[in-house]
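Here is the structure we will look at.
2 protein chains.
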Amino acid sequence: MAATLRQVAERAGVSVRTVSNVVNDFPQVAPETRARVQQALDELGYQPNAVARTLRNGRSGLIALVLPELDVPYFAELTRAVIEQAAEAGYTVVVDQTDGDPVRERELVMRGNRAAMFDGLIFNPLALGGADLRNRPSSTPVVLLGERVVEGGLDHIMIDNVGAAELATRHLLGLGRQRIAAIGDQFDETRQTGQLRTQGYHAALQAAGREVVPELVRPTEFFHRADGAAAMADLLALPQPPDAVFCYNDLLALGALRTILSRGLRVPDDIALVGFDDIEDGRYSTPSLTTVSPDKTQIAKNAVRLLLNRLDGDQSAPTRLSADYTLEIRESTTG
Amino acid sequence: MAATLRQVAERAGVSVRTVSNVVNDFPQVAPETRARVQQALDELGYQPNAVARTLRNGRSGLIALVLPELDVPYFAELTRAVIEQAAEAGYTVVVDQTDGDPVRERELVMRGNRAAMFDGLIFNPLALGGADLRNRPSSTPVVLLGERVVEGGLDHIMIDNVGAAELATRHLLGLGRQRIAAIGDQFDETRQTGQLRTQGYHAALQAAGREVVPELVRPTEFFHRADGAAAMADLLALPQPPDAVFCYNDLLALGALRTILSRGLRVPDDIALVGFDDIEDGRYSTPSLTTVSPDKTQIAKNAVRLLLNRLDGDQSAPTRLSADYTLEIRESTTG
DNA sequence: CGCTGAGCTTGCAACGTTGCAAGTGATGCT
DNA sequence: AGCATCACTTGCAACGTTGCAAGCTCAGCG
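For the record, the sequence lines run as chains P and L.
At position 147 of the first sequence (counting the first as 1) the number is 147 in the numbering used here, and the numbers step up by one without a gap.
At position 266 of the second sequence (counting the first as 1) the number is 1266 in the numbering used here, and the numbers step up by one without a gap.
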């Protein structure tokens, strides 16, 4: 079915090379020949074989985006931004999810198995650390996303988690809240996001001369709605429940919100809530969610830019960029 | 950097072909030779070149999933299911979004431009119709998803939209609601989902001997939260607002919910709400959302199965499958 | 009239892999 | 000893494309 250059060449009565010249719009082709070849191309419905081109040229025009979970809104929204940025530069994005499984992460990133047909890789690791990444066999450029600290060697775009968490907590302090809880702490070595945000939470409390109450800091296994709902239930079961909660992402906050409202409590009157990520859901919840909003477009833009620079042969030292963020104040803290 | 078979062969002092035999675990290699080659492979960190393999074998192990919008939860959740199903069969999924833009849809589906390196395609069209699809130049198998009616020629997995909408509306009738509205009707030729669901809505009302009140059927441009919020505001501005609303997807319902609650009205006491898609958001909203739940795993499973059958040379007539669905009854209709 | 060069076209080789069929040398059998 | 057999190894060609350099034809010029 798929016509090749050779078939077109035979039909047009020219050499394969000339057909290629027409397809690639090279100038030194006689107009009459060009027309004849073009007709043959049209008649056969010729489509260049991308695989052969890639093999020949060493470029596929594909970059891979490897994320923990596609159906987490933050990643879905980030993916959209990356696709848009890459498309502008003429690249197509291939998305894959790892579920944070180290085996799968390694498989996808090392590309030992199949389909190493990407020019570059944008990767948000959950489990893989610096050591794993540094001795990749492949030489495909990589840009890292996210909080997992990787000790150099690769371009990396992150968020100042400590600062952002401090900002969120300060906001709650500024509202005069007395017992501010945190949901989303993590002990796991490989999941640093939670720990960093807890640092920021502590910093804000200490700067305000407040004591950190350990039972108000709730760890969760994941950052999903269900985890937030469960953690909030635990907090409400305390002898002295909190009057404010900083959730380490919006899904946790939405889960917590559900628990609070289902107990007949009011947000923010009884409990103020702050989330993190600024996903669309939080803008339409009732009450809408105050949240730390990382600049996703900026993250995507920088990630794609760094990657394409590497593809263009940029050999400079690896960059580490911090993305901007703002605090979006909505109903869950201000009524 | 990336070692080739030739380099490994030189180092091991054997032919390229023998190295290939070792890499592919062919049996007729002497143990001693195998060991020597294996050592050379390890030392050089050989990774097979997937592009060359694809060119040679005619199979990439990649299937493309082309969707309107990745950050719409329904599609994100469906994507997860497709990735899981494909992984089981040893295939990797490449995801791309079209934004429903006909130009982009055509570009991606026809693969005139780049990267036609997929063995098959699972495609949820918004704009493209049967005619466009039938004369694709490529012979890559395609499985269609979604409601857009395509007049044969391709495998197609759909939902019985009319029946599902009828079920949802009947549920509201069964609650004794008197003025049942609908949000999400569409006039646009290319977007059939809305029209089909309106048919089901009409059918249920008529079967119950109710009159269809035109002003209660609200069209929307998209199926996003903002559209639902705006349409609900219009409904509430009517002289006689509805006491129940069937929204054609969950995002519309969540937007509508936001509007209702922000006016101080109660759900379901004042207005009952039903959505469509059963996305996770709707399970954690307050109140949680009654919704039509299509079996996404089944859809993904069938889509992947049909596609892989075609890849295995199945020449039978195109199949049209309807996915199962259920009505998930939650707080937004039962308190 | 032969040479130069412009204008256009072409053959070869290579990207890295694997199917095919043929090759090698040693062993076993008669 | 001669031949078949076996176990293993190898060279060639091809997948479809494009860079390179050489080839061809013809016009123009001295």
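We put the beta carbon where it would ideally sit given N, CA and C, even for glycine.
Within-9 angstroms CB hit, R80/P to chain L: Within the first sequence, residue 80/P is the residue found at index 80, counting from 1. Chain L, which has a Cβ nearer than 9 angstroms to the Cβ of R80/P, makes this yes.
Euclidean distance between Cα positions of R1114/L and G100/P: Here residue 1114/L corresponds to residue number 114 of the second sequence, with the count starting at 1. Here residue 100/P corresponds to residue number 100 of the first sequence, with the count starting at 1. Here the model assigns R1114/L a pLDDT of 46, short of 50, so the residue's position is not dependable and the matter cannot be decided.
Three-state class that DSSP yields for M337/P in the structure shown: Because chain P spans 1 through 335 in this model, residue 337/P falls outside it and cannot be assessed.
Against chain P: residues of the stretch 1248-1277 of chain L by CB proximity under 8 angstroms: Using a CB distance below 8 angstroms, the part of the stretch 1248-1277 of chain L facing chain P consists of L1254, G1255, L1257, R1258, L1261 and S1262, ordered along the chain.
Through-space distance from V245/P to L62/P, alpha-carbon basis: Translated into the one-based positions of the first sequence, residue 62/P becomes position 62. Translated into the one-based positions of the first sequence, residue 245/P becomes position 245. Taking the straight line joining both Cα atoms gives about 42 angstroms.
Chain L residues whose Cβ lies nearer than 7 angstroms to that of V245/P: Locating residue 245/P in the first sequence gives position 245, counting from the first residue. Residues of chain L passing the Cβ test: none, with the nearest at roughly 16 angstroms.
Residue-level contact to chain L via CB, T92/P, 9 angstroms cutoff: Numbered from 1 along the first sequence, position 92 holds the residue referred to as residue 92/P. So yes, T92/P belongs to the interface.
Proximity test, Cβ basis, 9 angstroms: N161/P and chain L: As a working mapping, residue 161/P is identified with position 161 in the first sequence. At a cut-off of 9 angstroms between beta-carbon atoms, N161/P makes no contact with chain L.
Assigned exposure category for R1263/L - 16 Cβ within 10 Å defines buried: As a position in the second sequence, residue 1263/L is number 263, starting the count at 1. That one is exposed.
9 angstroms Cβ cutoff, M1117/L in contact with chain P: In the second sequence, counting from the first residue as 1, residue 1117/L sits at position 117. Among the residues facing chain P, M1117/L is included, as its CB has a counterpart in that chain under 9 angstroms away.
Beta-carbon separation (whole angstroms), T190/P vs A127/P, contact threshold 8 angstroms: Along the first sequence, read from residue 1 onward, the residue named residue 190/P stands at position 190. Along the first sequence, read from residue 1 onward, the residue named residue 127/P stands at position 127. Yes, T190/P and A127/P are in contact; Cβ-Cβ is about 5 angstroms, under 8 angstroms.
Alpha carbon of V142/P to alpha carbon of V95/P, nearest angstrom: For the purposes of this step, residue 142/P is taken as the residue at position 142 of the first sequence. For the purposes of this step, residue 95/P is taken as the residue at position 95 of the first sequence. Cα-Cα distance, rounded: 14 angstroms.
Cβ neighbours of G112/P in the same chain (closer than 6 angstroms, five flanking residues each side left out): On the first sequence, position 112 is the one that residue 112/P refers to. Because G112/P sits at a pLDDT of 44, beneath the cut-off of 50, its placement in the model cannot be relied upon, and the point is left open.
C-alpha gap between P1125/L and N302/P, whole angstroms: On the second sequence, position 125 is the one that residue 1125/L refers to. On the first sequence, position 302 is the one that residue 302/P refers to. Using only the alpha carbons, I get a separation of about 31 angstroms.
Neighbour list for D1096/L in chain P, Cβ cutoff strictly below 9 angstroms: Position 96 of the second sequence, counted from the start, is the residue given in the question as residue 1096/L. By Cβ distance, chain P contributes I83, T92, V93, V94 and V95.
Chain-ordered residues of the stretch 215-226 of chain P with a beta carbon less than 7 angstroms from chain L: For the stretch 215-226 of chain P, residues whose beta-carbon sits nearer than 7 angstroms to a beta-carbon of chain L comprise R225.
9 angstroms Cβ cut-off: residues of chain P touching Y1325/L: One-based indexing of the second sequence puts residue 1325/L at position 325. Within 9 angstroms Cβ-Cβ: nothing; Y1325/L doesn't reach chain P, min ~19 angstroms.
Which of helix, strand or coil DSSP assigns to T1290/L: Translated into positions along the second sequence, residue 1290/L becomes position 290. Residue state, collapsed to three classes: strand.
Classification of N1161/L by the beta-carbon crowding that lies within 10 angstroms, buried from 16 upward: Mapped onto the second sequence, residue 1161/L falls at position 161. Counting every other CB atom within 10 Å of its CB across the protein chains shown gives N1161/L a total of 16 or more, marking it as buried.
Separation of L1144/L from A1300/L, as counted between CA atoms: To locate residue 1300/L, count along the second sequence from 1; it is residue 300. To locate residue 1144/L, count along the second sequence from 1; it is residue 144. Rounded to whole angstroms, the separation of the alpha carbons of L1144/L and A1300/L is 11 angstroms.
Exposure of E1215/L, with buried meaning 16 or more beta-carbon neighbours within 10 Å: As a working note, residue 1215/L is residue 215 in the second sequence. Looking at its Cβ environment, which holds fewer than 16 other Cβ atoms inside 10 Å, E1215/L is exposed.
Beta-carbon spacing of R310/P, D155/P below 9 angstroms: Within the first sequence, residue 310/P is the residue found at index 310, counting from 1. Within the first sequence, residue 155/P is the residue found at index 155, counting from 1. It is a contact, given that the beta carbons lie within the stated cut-off.
Residue burial classification, G1209/L (beta-carbon count within 10 angstroms, cutoff 16): Locating residue 1209/L in the second sequence gives position 209, where the first residue counts as 1. Answer is exposed; the Cβ neighbour count stays below 16.
contact_flag[the stretch 1237-1253 of chain L, the stretch 1266-1275 of chain L] where n(CB pairs < 8 angstroms) is 3 or more: Short answer: they touch.
Validate contact between the stretch 1214-1233 of chain L and the stretch 1253-1260 of chain L using beta carbons, cut 8 angstroms, 3 pairs: Judged by Cβ distances under 8 angstroms, the stretch 1214-1233 of chain L makes contact with the stretch 1253-1260 of chain L, as three or more pairs qualify.
Amino acids of chain P, ordered along the chain, whose beta-carbon sits closer than 8 angstroms to that of V1142/L: As a position in the second sequence, residue 1142/L is number 142, starting the count at 1. Under the 8 angstroms cutoff, chain P gives no residues; its nearest Cβ is about 13 angstroms from V1142/L.
Per-residue DSSP class, three states only, for A81/P: Sequence index remark: in the first sequence, residue 81/P carries index 81 (1-based). DSSP places A81/P in helix when its eight states are reduced to three.
Residues that P1219/L bridges to, as DSSP identifies them: For the purposes of this step, residue 1219/L is identified with residue 219 of the second sequence, where counting begins at 1. Its beta-bridge partners are D1185/L.
DSSP three-state assignment for H171/P, whether helix, strand or coil: The sequence position of residue 171/P within the first sequence is 171, counting from 1. The answer is helix: DSSP assigns H171/P an H, G or I state.
Cutoff 9 angstroms: Y1201/L Cβ touching any chain P Cβ: Reading the second sequence from its first residue, position 201 is the one you call residue 1201/L. Taking a beta-carbon distance threshold of 9 angstroms, Y1201/L does not count as an interface residue toward chain P.
Entirely enclosed alpha helix (DSSP H) segments - the stretch 266-330 of chain P, minimum 4 residues: You should have 280-284 and 296-311.
V1304/L to V1082/L span [Cα, whole Å]: Counting from 1 along the second sequence, the entry for residue 1304/L is found at position 304. Counting from 1 along the second sequence, the entry for residue 1082/L is found at position 82. Computed Cα separation, rounded: 7 angstroms.
Alpha-carbon to alpha-carbon, S1293/L and Y1325/L: Your numbering for residue 1325/L matches position 325 in the second sequence. Your numbering for residue 1293/L matches position 293 in the second sequence. Straight-line Cα distance between these residues: approximately 5 angstroms.
DSSP bridge partner residues for L1070/L (one or two, in chain order): Walking along the second sequence from the start, residue 1070/L turns up at place 70. DSSP lists no partner for L1070/L.
Per-residue burial, A229/P [other beta carbons within 10 Å of its own, 16 or more giving buried]: Position 229 of the first sequence, counting from 1, holds the residue named residue 229/P. Buried: at least 16 other Cβ atoms inside 10 Å.
Local conformation of L1128/L per DSSP, three classes: Numbered from 1 along the second sequence, position 128 holds the residue referred to as residue 1128/L. Under the three-state reduction of DSSP, L1128/L is assigned to coil, being neither helix nor strand.
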